[in-house]
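Asker: Numbering (the working numbering), first residue to last: 1 to 435. Here's a structure for you.
Below you can see the structure in the form of structure tokens.
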């Protein structure tokens, strides 16, 4: 393949920084008209994580909400009580919010005459946010971090590799690989302008920032990546990057960032950044109801560009994604997402997904049990491959406090890399414990 080099590489921050500067310098914003409303909006905005999916901030925010469980274990809770008290003390006295978790996934496919028809992996995490500056004020400065160990569990391959056995162009799971131990996030987060501007820089994820909905995370939502977010955009690993978000008005937020296009989550981020090849993105978020409900009620439009990756033989690419989700009656969350690209830097040239999340026994913005159903279509960037359809249904429930079980079933039609198979069924079960 001949790689078309761009005439000139743009500086790393040209697009993201330019958009944020224009937004930040705009006069006569709606927020200035009503200072009391603005103050409340900023407070809500600061309580909403920028990222979705499996991000550190989203995990900490959602896991802090008590939702109950099917069974009650007083013995277990008494045993864990000293740990939870220590966590409260650390957060109150030192601004340090930490979490330990372990999640595991097992998957099996119904395809005959393949080398491996099942896979299992575990994922142990230690993560947190340490607020070091202006802890009780609007311009906080925090360090977010995550160390994790991913490993197979009595399996020849991890679930992230099972798709190769069945010929799917999309992995049947994300987040459950076997790269061992690594720091997958170490970043500084800074708020400014009284809380209206959020900035981040360091080793971060470029995936959970854009085109993500409330059920995008593989630990607690859909495990198939094509149903989490549009795959018409690139998917670099966790690496060096920076970006920010500016609240233009209580109902409009602009998010922008630039990321290492060659990043690999478990490798030294300073090695790949030397290639000076970047994935840049700007996303516009409309919040029709309130910032408090921004996790569920939103319209997002993303514009992205990725430089040519010379060593990988990947041409430069650009495209657009969209996402619309809505929470109805504090229980139903329908969503649609999709995207279109020039097909030079992404799995799909076009894709479209429609899904529904259903919460049961909802409390304080979180549900005890969650049912998820989604169907997606993707047109591969490689014109020689056929269109692939993917669907998934899962049911997540807390057996006891801080321990959830999630059985799931996927149905893949026309696996793009395996013309001999018409369809494939993937059965899976996940567990997650967090303290």
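Just so it is clear, CB atoms sit at the ideal spot from N, CA and C, and this is done for glycine as well.
So, for residue 403: in the same chain, excluding its five sequence neighbours on each side, which residues have a beta-carbon less than 6 Å away from its beta-carbon?
Answerer: By one-based count along the chain shown, residue 403 stands at place 403. Sequence-distant Cβ neighbours of residue 403 in its own chain, meaning closer than 6 Å and more than five residues away, are 433.
Asker: Could you round the C-beta distance between residue 212 and residue 53 to whole angstroms and report it? I think they count as a contact, below 8 Å.
Answerer: Your numbering for residue 212 matches position 212 in the chain shown. Your numbering for residue 53 matches position 53 in the chain shown. Yes, they are in contact, since the Cβ atoms of residue 212 and residue 53 sit about 5 Å apart, within 8 Å.
Asker: Expressed to the nearest angstrom, what Euclidean distance is found between the alpha-carbon atoms of residue 108 and residue 216?
Answerer: Working through the chain shown from its first residue, we reach residue 108 at position 108. Working through the chain shown from its first residue, we reach residue 216 at position 216. For residue 108 and residue 216, the distance between alpha carbons rounds to 22 Å.
Asker: Taking the alpha carbon of residue 141 as the point to measure from, which residue in 150, 253 and 133 has its own alpha carbon closest?
Answerer: Residue 141 sits at position 141 when you count from the first residue of the chain shown. The candidate whose alpha carbon is nearest that of residue 141 is 133.
Asker: Rounded to the nearest angstrom, how far is the Cβ of residue 369 from that of residue 396, given a contact under 8 Å?
Answerer: The residue given as residue 369 occupies position 369 in the chain shown. The residue given as residue 396 occupies position 396 in the chain shown. At roughly 7 Å, the Cβ-Cβ gap stays under 8 Å, so residue 369 and residue 396 are in contact.
Asker: Determine the extent of the alpha helix (DSSP H) in which residue 131 is found, giving its start and end residues.
Answerer: Taking the first residue of the chain shown as 1, we reach residue 131 at position 131. Counting along the chain, residue 131 falls outside any alpha helix (DSSP H), though it belongs to the beta strand (DSSP E) covering 118-133.
Asker: Return the Cβ separation of residue 263 and residue 225 in integer angstroms, given the expectation that the two are a contact with Cβ distance under 8 Å.
Answerer: Looking up residue 263 in the chain shown gives position 263. Looking up residue 225 in the chain shown gives position 225. Contact doesn't hold; Cβ gap of about 16 Å is too wide.
Asker: Taking Cβ to Cβ, would you say residue 162 is nearer than 8 Å to residue 378?
Answerer: Position 162 of the chain shown, counted from the start, is the residue given in the question as residue 162. Position 378 of the chain shown, counted from the start, is the residue given in the question as residue 378. No; because the gap between Cβ atoms is not below 8 Å, this pair is not in contact.
Asker: Let me know the alpha helix (DSSP H) ranges lying completely inside the stretch 402-432, each 4 residues or longer, listed in chain order.
Answerer: none
Asker: Please return the same chain residues whose Cβ sits closer than 6 Å to the Cβ of residue 152, not counting the five positions on each side in sequence.
Answerer: Counting from 1 along the chain shown, the entry for residue 152 is found at position 152. Closer than 6 Å at Cβ, skipping near neighbours: 121, 158 and 178.
Asker: Keeping to the same chain, check which residues put their C-beta closer than 8 Å to that of residue 91; ignore five residues upstream and five downstream.
Answerer: The sequence position of residue 91 within the chain shown is 91, counting from 1. Contacts found: 97.
Asker: Going by alpha carbons, who is nearest to residue 72 out of 401, 428, 411 and 311?
Answerer: As a working note, residue 72 is residue 72 in the chain shown. Minimum Cα distance to residue 72 is reached at 401.
Asker: Take the Cβ of residue 360 as the centre, count every other Cβ of all protein chains shown within 10 Å, and call the residue buried at 16 or more, exposed below.
Answerer: What you label residue 360 is simply residue 360 of the chain shown in a count that begins at 1. Classification for residue 360: exposed.
Asker: Among 252, 372, 430 and 384, which one has its Cα closest to the Cα of residue 289?
Answerer: As a working mapping, residue 289 is identified with position 289 in the chain shown. Ranking the options by Cα distance to residue 289, first place goes to 252.
Asker: Just to confirm my understanding: we take residue 187, look at its own chain, exclude 5 residues before and 5 after, and list those with CB closer than 7 Å. What are they?
Answerer: Translated into the one-based positions of the chain shown, residue 187 becomes position 187. Once the five neighbours on either side are set aside, the close Cβ partners of residue 187 are 144, 200, 201, 202, 203 and 204.
Asker: Here's the rule: buried if 16 or more other CB atoms are within 10 angstroms of the residue's CB, otherwise exposed. What is residue 268?
Answerer: Taking the chain shown and counting its residues from 1, the one referred to as residue 268 is at position 268. Residue 268 counts as exposed, since fewer than 16 other C-beta atoms from the protein chains shown sit within 10 angstroms of its C-beta.
Asker: So if DSSP puts residue 311 in a beta bridge, which residue, or which two residues, is it bridged to?
Answerer: On the chain shown, position 311 is the one that residue 311 refers to. Per DSSP, none; premise fails for residue 311.
Asker: Count the other CB atoms within 10 Å of the CB of residue 277; is the residue buried (16 or more) or exposed (fewer)?
Answerer: In the chain shown, residue 277 corresponds to position 277, counting from 1. Residue 277 should be labelled buried.
Asker: Quick one: what's got a C-beta closer than 7 Å to residue 110's C-beta in the same chain, skipping five residues either side?
Answerer: By one-based count along the chain shown, residue 110 stands at place 110. The residues are 424 and 425.
Asker: Could you spell out the range, first to last residue, of the beta strand (DSSP E) harbouring residue 142?
Answerer: The count along the chain shown starts at 1 and reaches residue 142 at position 142. DSSP places residue 142 in the uninterrupted beta strand (DSSP E) bounded by 141-152.
Asker: DSSP three-state label for residue 210, please.
Answerer: Sequence index remark: in the chain shown, residue 210 carries index 210 (1-based). Coil at residue 210, not helix or strand.
Asker: Taking the C-alpha atoms as reference points, what is the distance between residue 348 and residue 340?
Answerer: Your numbering for residue 348 matches position 348 in the chain shown. Your numbering for residue 340 matches position 340 in the chain shown. Their Cα atoms are separated by approximately 8 Å.
Asker: Which class does residue 188 belong to by DSSP, given the choice of helix, strand or coil?
Answerer: Against the chain shown, residue 188 aligns to sequence position 188. Strand.
Asker: Just to confirm, are residue 221 and residue 372 a CB contact at a threshold of 8 Å?
Answerer: Residue mapping note: residue 221 aligns to position 221 of the chain shown, counting from 1. Residue mapping note: residue 372 aligns to position 372 of the chain shown, counting from 1. Yes; because the gap between Cβ atoms is below 8 Å, this pair is in contact.
Asker: Given this structure, state the Cα-to-Cα distance separating residue 59 from residue 67, to the nearest angstrom.
Answerer: Translated into the one-based positions of the chain shown, residue 59 becomes position 59. Translated into the one-based positions of the chain shown, residue 67 becomes position 67. Their Cα atoms are separated by approximately 14 Å.
Asker: Candidates 326, 70 and 148: which alpha carbon is nearest residue 486's?
Answerer: Within the shown structure, residues of the chain are numbered from 1 to 435, placing residue 486 beyond reach of any answer.
Asker: Span of the alpha helix (DSSP H) holding residue 318?
Answerer: Mapped onto the chain shown, residue 318 falls at position 318. Counting along the chain, residue 318 falls outside any alpha helix (DSSP H), though it belongs to the beta strand (DSSP E) covering 317-325.
Asker: DSSP three-state call for residue 501: helix, strand or coil?
Answerer: The structure shown does not extend to residue 501, since the chain is modelled only from 1 to 435, so the question has no answer here.
Asker: Quick check on residue 394: buried or exposed, where buried means 16 or more other Cβ atoms within 10 Å of its Cβ?
Answerer: Walking along the chain shown from the start, residue 394 turns up at place 394. Looking at its Cβ environment, which holds 16 or more other Cβ atoms inside 10 Å, residue 394 is buried.
Asker: Can you tell me the Cβ-Cβ gap for residue 428 and residue 105, rounded? I've got them flagged as a contact below 8 Å.
Answerer: Here the question's residue 428 lines up with position 428 in the chain shown. Here the question's residue 105 lines up with position 105 in the chain shown. Their Cβ separation, rounded to whole angstroms, is 6 Å, which keeps residue 428 and residue 105 in contact under 8 Å.
Asker: Contact defined as beta carbons within less than 8 Å: I believe residue 255 pairs with residue 275. What is the distance between those atoms, to the nearest angstrom?
Answerer: Here residue 255 is taken as the residue at index 255 of the chain shown, counted from 1. Here residue 275 is taken as the residue at index 275 of the chain shown, counted from 1. Rounded, the Cβ-Cβ distance is 25 Å, inconsistent with contact.
Asker: Is it buried or exposed for residue 94, if we count other Cβ within 10 angstroms and need 16 for buried?
Answerer: As a position in the chain shown, residue 94 is number 94, starting the count at 1. Exposed, by the Cβ-count rule.
Asker: Need the endpoints of the beta strand (DSSP E) that residue 367 sits in, please.
Answerer: Sequence index remark: in the chain shown, residue 367 carries index 367 (1-based). Where residue 367 is concerned, the enclosing beta strand (DSSP E) stretches over 366-380.
Asker: Spatial neighbours of residue 22 within its chain, please: C-beta separation below 8 Å, excluding the five flanking residues on both sides.
Answerer: The residue given as residue 22 occupies position 22 in the chain shown. Bear in mind that a pLDDT of 45 at residue 22, under 50, signals an unreliable position, so the model cannot answer this.
Asker: Taking 6 Å as the limit between beta carbons, can you name the residues of its chain near residue 63, skipping five residues before and five after?
Answerer: Numbered from its first residue, the chain shown carries residue 63 at position 63. So the qualifying residues of the chain are 434.
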